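A short worksheet on the structure shown next.
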Amino acid sequence: MTEQLRLMAVHAHPDDESSKGAATMAKYVSEGVDVLVATCTGGERGSILNPKLQGDPYIEEHIHEVRKKEMDEAREILGVKQEWLGFVDSGLPEGDPLPPLPDGCFALQDVDAAAEPLVKLIREFKPQVITTYDENGGYPHPDHIMTHKITMVAFEAAGDPEKYPEAGEPWQPQKLYYNQGFNRPRTVALHEALLERGMDSPYGEWLERWKEFERRERTLTTYVPCAEFFEIRDKALIAHATQIDPDGGWFRVPMDIQKEVWPTEEYELAKSLVDTSLPEDDLFAGIRNN
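Under my numbering, residues 160 to 449 are what the sequence shown spells out, in order.
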């Protein structure tokens, strides 16, 4: 295939692109693939999770602008393009019973209407491959679930000339993947590797909580080797300073152990219009040589 390869990653908030599939994107950028991140919301209702920045009145008052600047920095680090779809963060409701979602937020939009700007972006960018979240959102944040919903609609509609006629010339992506980087086999492997070396593991509580969830294990179909880009992934993640504590749990596993024990990022192939053999090691398997 002589045509330019293009990958689109659809995410809910700024920082999601750096915590889910970032090393994969950096790898493909290094190979000359054109990579675009579509960010559904501005992250306006995200909490300031870095304790070093909590209580800063400027950040609290200008969180939208701050998170946009963080996204600009992460984009530069990863070498990707990025577009905002323009929806408003829904926040993560907490409590029992859960409070209602705020008026006008992303998760309350009509799915078919909210898919239109993504259809337009797909038709403009023309990706062969799209990545997003599974039906649970990876975890049940309302914006992640909504991101899944609009991506499923857009994947089907983008190639149909009768759908969204005002959104540009039809383009049909060939493959759709769910990010599955936070999977149990990876977590167990890293946890056991740390314990075998006499080190503390940050994953003990995770694995205990995993037992409480009645969610089925996801099918991992695609393992992309990208260990040499883990440092770039971490640098991009740290760029989202309001969201990530550089001294926190994300970075407690030494890099050499990560690369040795689990040197891939994982995906679940959800839709494919091309023939491919599973398991794969390339999101473009079945496309490169067609």
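Virtual Cβ for every residue (Gly too), placed ideally from N, Cα, C.
Only a predicted model underlies this, so the values are computations on that prediction, with no experimental measurement involved.
Where the alpha helix (DSSP H) through residue i begins and ends
i	result
Q417	M414 to V420
R411	Premise fails: R411 is in no alpha helix (DSSP H) and is neither H nor E.
M305	P301 to A316
A326	Premise fails: A326 is in no alpha helix (DSSP H) and is neither H nor E.
K279	V270 to F284
T183	A181 to S189
S177	D175 to S178
With 16 other Cβ atoms within 10 Å as the buried cut-off, status of residue i
i	result
E390	exposed
A272	exposed
V383	buried
L354	exposed
Q241	buried
L366	exposed
Q213	exposed
P259	exposed
I163	What sits at residue 163 in the sequence shown is Gln, not Ile. Flag for Q163 reads exposed.
Y362	buried
D262	exposed
L396	buried
L195	buried
L244	buried
E229	buried
Y323	buried
R392	buried
S249	buried
V433	exposed
Top-ranked residue by Cα proximity to residue i, from the options
i	options	result
L442	Y337, G318 and R204	Y337
M305	G254, H399 and T291	T291
P301	P329, L257 and Q333	L257
E387	E364, D415, L353 and A400	D415
L237	S189, S206, W409 and Y217	S189
C199	I309, M358, R165 and Q213	I309
A492	W330, H307 and E253	The requested residue 492 is not part of the displayed model; the chain covers only 160 to 449.
D193	P252, R234 and P324	R234
R377	T401, P344, L396 and M358	P344
D440	D393, E229, T380 and A395	T380
F284	H170, M311, R165 and D359	R165
R368	T346, E351 and G357	T346
K394	G250, S177, V247 and A171	S177
V247	D231, K211, V225 and E203	E203
N209	L267, E328, E321 and D174	D174
N342	G250, P413 and W421	W421
K227	V412, E351 and H172	H172
Residue i - containing beta strand (DSSP E), residue span
i	result
W243	K240 to F246
E425	T423 to S431
D193	D193 to T200
I289	V288 to T291
N338	K334 to N338
L166	R165 to H170
Close beta carbons around residue i, own chain, < 8 Å, minus the five adjacent residues each side
i	result
G180	A168, T290, N338, G340, E424 and Y426
Q417	L349, A386 and F389
R356	I416
Close-in-space but distant-in-sequence residues of the same chain around residue i (CB under 7 Å, 5 per side omitted)
i	result
A326	E275, V278, K279 and R282
A313	A274, L277, V278 and I281
A429	L335, Y336 and Y337
H307	T291, Y292, D293, E294 and G296
P405	I397
Chain-order list of residues whose beta-carbon lies under 6 Å from that of residue i (same chain, five-residue window excluded)
i	result
C385	A182, T183, K186 and E424
K334	V288 and S431
L437	T380
H223	G201 and E203
What are the start and end residues of each continuous beta strand (DSSP E) run of 3 or more residues lying completely inside the segment 354-388, in chain order? 381-384
Run through the segment 207-264 for me and flag every whole alpha helix (DSSP H) of 4 or more residues, listed as ranges in chain order. 216-220 and 222-237
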